[in-house]
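Visitor:
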Amino acid sequence: MSATPSANVERTIEQCRPEDLQPVSLDAQALDSTAPEYLRDLKHELTESGYVPSVLTVRACFDEDCSLETQREVDRVRGYVRAAAFLGVARVTVECGDVADAGKVEPALSACAERARREGVGFELDGPISLDD
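If you read the sequence shown in numbering that gives the first Met the number 0, its first letter stands for residue 0, the second for the next number, and so on.
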């Protein structure tokens, strides 16, 4: 994505008014659930308190060379992508430490990134692997 806003963005924000909302970064571990009922209530409470979630940070672990464990962890990350879209979060940041087999993890996380894009959510990786743009 380029550093300059697109004409679409410029046209959309041209008539914007400032709002008195505080952007907050959420930690996925602090969420009690990713169930829609919980997320709906959380979104309402955040709004009522004057907060707007801007980033959801997910810590992921891919230190086992096991396809089943990789899939289980990616499914968990995908659940947080869905939760981020539900909450109106702008970006999901996935933090991961050691990666046992990047060949298994990268395609799985690329699919999560694509899912995030379709949901209108940014997706970033913070760790030893990267995704091809």
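In this text, a Cβ means the ideal position worked out from N, Cα and C, and glycines have one as well.
I'd like to know if the segment 77 to 86 and the segment 106 to 118 are in contact, where contact means that at least 3 CB-CB pairs between them fall below 8 Å.
Guide: In short, these stretches touch, since the Cβ pair count reaches three.
Visitor: For C60, tell me which candidate among L124, D131, L130 has the shortest Cα-Cα distance.
Guide: Taking the sequence shown and counting its residues from 1, one reaches residue 60 at position 61. Ranking L124, D131, L130 by Cα distance to C60 puts L124 first.
Visitor: Return the CA-CA distance between I128 and D62, expressed in angstroms with no decimal places.
Guide: Translated into the one-based positions of the sequence shown, residue 128 becomes position 129. Translated into the one-based positions of the sequence shown, residue 62 becomes position 63. Between I128 and D62, the C-alpha separation is close to 12 Å.
Visitor: Please classify T46: is it buried, with 16 or more other beta-carbons within 10 angstroms of its beta-carbon, or exposed?
Guide: Counted from its first residue, the sequence shown places residue 46 at position 47. Per the 10 Å Cβ criterion, exposed.
Visitor: Would you tell me roughly how many angstroms separate the C-alpha atoms of D40 and G102, rounded to the nearest one?
Guide: The count along the sequence shown starts at 1 and reaches residue 40 at position 41. The count along the sequence shown starts at 1 and reaches residue 102 at position 103. Those two C-alpha atoms are separated by around 39 Å.
Visitor: Which residues bound the alpha helix (DSSP H) around D26?
Guide: If you number the sequence shown from 1, residue 26 lands on position 27. Taken as a continuous stretch (DSSP letters only), D26 belongs to no alpha helix (DSSP H), being part of the beta strand (DSSP E) at 21 to 26.
Visitor: Take the Cβ of P106 as the centre, count every other Cβ of all protein chains shown within 10 Å, and call the residue buried at 16 or more, exposed below.
Guide: Residue numbering aside, residue 106 sits at position 107 when the sequence shown is read from its first letter. Classification for P106: exposed.
Visitor: Cβ of A115 within 8 Å of Cβ of V98?
Guide: Position 116 of the sequence shown, counted from the first residue, corresponds to residue 115. Position 99 of the sequence shown, counted from the first residue, corresponds to residue 98. Against a cut-off of 8 Å, the Cβ pair of V98 and A115 comes out as no contact.
Visitor: Closest to R58 by C-alpha separation, out of C95, E118, L25, would be which residue?
Guide: As a first step, residue 58 must be located in the sequence shown, where it is residue number 59. Per the Cα distances, C95.
Visitor: I think L137 touches A82, with their Cβ atoms under 8 Å apart; what is that distance to the nearest whole Å?
Guide: Residue 137 cannot be examined here, being either before or after the span of the chain that is shown, 0 to 132.
Visitor: Does the Cβ-Cβ distance between P52 and V88 come in under 8 Å?
Guide: What you label residue 52 is simply residue 53 of the sequence shown in a count that begins at 1. What you label residue 88 is simply residue 89 of the sequence shown in a count that begins at 1. The answer is yes: Cβ separation under 8 Å.
Visitor: Please go through the segment 19 to 72 and give each complete beta strand (DSSP E) segment of 3 or more residues, from N-terminal end onward.
Guide: Segments of the beta strand (DSSP E) lying fully in the segment 19 to 72: 21 to 26, 50 to 61.
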